[in-house]
Each structure stands twice: as C-alpha cells, then as structure tokens.
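Written below as structure tokens is the structure these notes are about.
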Amino acid sequence: MAVWGGASESDLKAAGAEALPDGPSGVRLRGWHIESSRRPILNSLALQEWEEKLGTSHLPEMVFGESSLYLLHEDSGLKLHFNAFDALKGWKREPLPPVEVPAAAKWKFRSKPFQQVILDYDYTFTTPYCGSEAIEPNPEKAISEDGCCSLCWEDCDERIDLAALSSKEPILFYDEVVLYEDELADNGVSLLTVKVRVMPSCWFLLLRFWLRVDGVLMRLRDTRVYCAFKGFPSDSASYGDPNLISQRLPVIAHKTQRLKVSRCPEKSPFHRAA
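Numbered per the working numbering, the sequence shown spans residues 825 to 1098.
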C-alpha cells in the first residue's frame, strides 16, 4: 500500500507539501505532482489486445497494465512515468536469447497450455526499460519561444547524494508499484517494480528488474532517479528544526582535525597524583 511514511500533517506543512485529494495516492511538493496507481492484473481480453499491439503471443503471467507511477513538474510540463506496456516494448526491442534450462522444454505456457513448446524467445521478459518521459504542455506557461521542447538524457560525472538519502528527514510519501511478474513455471521469478520515496529535500525512485532462474542465473537491472530541491522550506515552522535546515545551509568553511596525544617520558599531562 502507498504510505505517507508516518508523516504527520505538521511534517507535510513544514515541507510545504500536501497530500493529493481523496482518490489518487501521492503528494505535491516544490512544483512536483507525484502520483502512484496500483490496479489488478489485466484480464484475458486485455492481454490479447496487448499481444496484438506488441506483436507477440507471450506475456508475463501477471501484467499490472493499469498500474503506474508518474512524476510531473507542473511549471515545465516535464513528466517521468513508469508503466508495464513501455517496459514490454523494451523487452521486444532487445531480443535476448532464451536462457537454457533443462526443464524449460516441458513448461506449459498460457498461450499453449496443452502443447510442448519450443522456447525461441526470451521467456524471462528481461527489459532495458529505464522509464518514459514526455512534455505535457502547460497552457498557462510557454515552454519555449516556438512552443516545443525536446528531452535528452546526457551522460555526466555527478553521482546521487547517498548521504542525503540516509538523513533522518521524514518520509512524506512512499509507494511500491509492481508492473509485471512471472514465476517462470515455478522455476524462478521475473519481476519489474518501481519504488518512490519523497522527503522534504528530495525525491528518489528505484526501477528494478529482478530475475532468478533456479539453478541457472540471477540478473538485476536497476535505474535510480534522484531530484534534490534547492532553497529553503516555504513554511516558517520548519525553521525551528535544525536537522532540516542543516541540509540547506551552504557550507562556508569546513575543517577536519585529528587529536594526537604525545606522551613525554618524564611527565604526562594527563598524570594525576593520588
């Protein structure tokens, strides 16, 4: 279930955040609208429609097709979203050879429950999917002079601030969404999930594909996305919390020292006579 990490109304207010109204699970904070949705697995009719769209006769046993997570920056219109359909499109575009398992030739699959099938496709549903992005036009704000904008991920040397993630800030919102899962005919597991954590100073998400084929291999593909908020909290109540403010104050000077004790043969400064 989506949780607010034990965050109280005062925690939300101090961070300048607000929970979404009744219905969706999520939070608004620093211009970001963060929302998660978890729905039941697709029924057989919906699965057939997906198979036609994806050009395949094989899909995971459990596809949570209506489940998703999205993060919208309302001013710019930047939207990051995570869903099963786009992840399976990635699986189709990366045709990995099937993992060789002695028992695999005897597995019975949903599409051919009474036939022995030849595994000529990647039945582990391994995907290179790292998420989807888009620009949602904001009628009140112009994105650029010509009204268009392009998105492009670039390589960089920056690293995610793990220290900030381990700070004792309140968790304003947390959720884990399963996108699809397959137990590989009781011979392992193929699982794609996305988790999000929102704190007063940042949000962080982890998209994880986890594969275990019993007695053969394990595979892990992680995508981490981190956004740090700049500036100070909008609510004055937070200024009474030095732990929160310390994350935002600039470092003017920093010094690291080590205390060294040198003992004199004749007399020690720490010697005390009884």
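We put the beta carbon where it would ideally sit given N, CA and C, even for glycine.
What are the partner residues of residue i, as DSSP defines its beta bridges?
| i | result |
| --- | --- |
| glutamate 842 | Arg852 |
| asparagine 907 | Ser892 |
| isoleucine 858 | Val851 and Leu895 |
| cysteine 1026 | Met1023 and Ala1052 |
| leucine 902 | Ile959 |
| glycine 1012 | Val1037 |
| glutamate 1005 | Met886 and Leu1015 |
In whole angstroms, what separates the C-alpha of residue i from that of residue j?
| i | j | result |
| --- | --- | --- |
| lysine 1054 | serine 892 | 27 Å |
| proline 922 | arginine 863 | 30 Å |
| alanine 843 | valine 1040 | 45 Å |
| leucine 853 | glycine 840 | 6 Å |
| phenylalanine 909 | valine 1022 | 25 Å |
| threonine 948 | lysine 913 | 14 Å |
| serine 834 | proline 961 | 33 Å |
| isoleucine 1076 | glutamate 875 | 58 Å |
Closest by CA to residue i, which one among the options?
| i | options | result |
| --- | --- | --- |
| leucine 869 | Trp915, His857, Leu883 and Glu859 | Leu883 |
| glutamine 872 | Arg1082, Arg854 and Glu885 | Glu885 |
| asparagine 907 | Pro1066, Glu1000 and Lys1079 | Glu1000 |
| serine 861 | Val1020, Glu833, Met1042 and Ser1086 | Val1020 |
| tyrosine 1004 | Ile865, Asp846, Trp856 and Glu833 | Ile865 |
| glutamine 898 | Val925, Glu875, Glu859 and Val1002 | Residue identity check: residue 898 is glutamate in the sequence provided, not glutamine. The shortest C-alpha separation from glutamate 898 is found at Glu859. |
| leucine 1008 | Ser832, His857 and Val925 | Val925 |
| asparagine 867 | Ala838, His905 and Val887 | Val887 |
| alanine 988 | Pro1024, Glu957, Ala958 and Cys976 | Pro1024 |
| serine 881 | Asp946, Leu895 and Leu902 | Asp946 |
Please work out which residues of its chain come closer than 6 Å, Cβ to Cβ, to residue i, disregarding the five sequence neighbours upstream and downstream, and give them in chain order.
| i | result |
| --- | --- |
| arginine 1045 | Phe1033 |
| tryptophan 1027 | Cys1051 |
Check whether the stretch 1027 to 1041 touches the stretch 997 to 1015, counting contact only when three or more Cβ pairs, one atom from each stretch, lie closer than 8 Å. Contact between the stretch 1027 to 1041 and the stretch 997 to 1015 is present, because at least three Cβ pairs lie under 8 Å.
Are the stretch 881 to 891 and the stretch 975 to 991 touching, with three or more C-beta to C-beta distances below 8 Å? Contact check between the stretch 881 to 891 and the stretch 975 to 991: fewer than three CB pairs, one atom from each, fall below 8 Å, which does not count as touching.
Assess, as a yes-or-no matter, whether the stretch 914 to 921 is touched by the stretch 942 to 956 under the definition of 3 or more beta carbon pairs within less than 8 Å. Segments in contact, yes.
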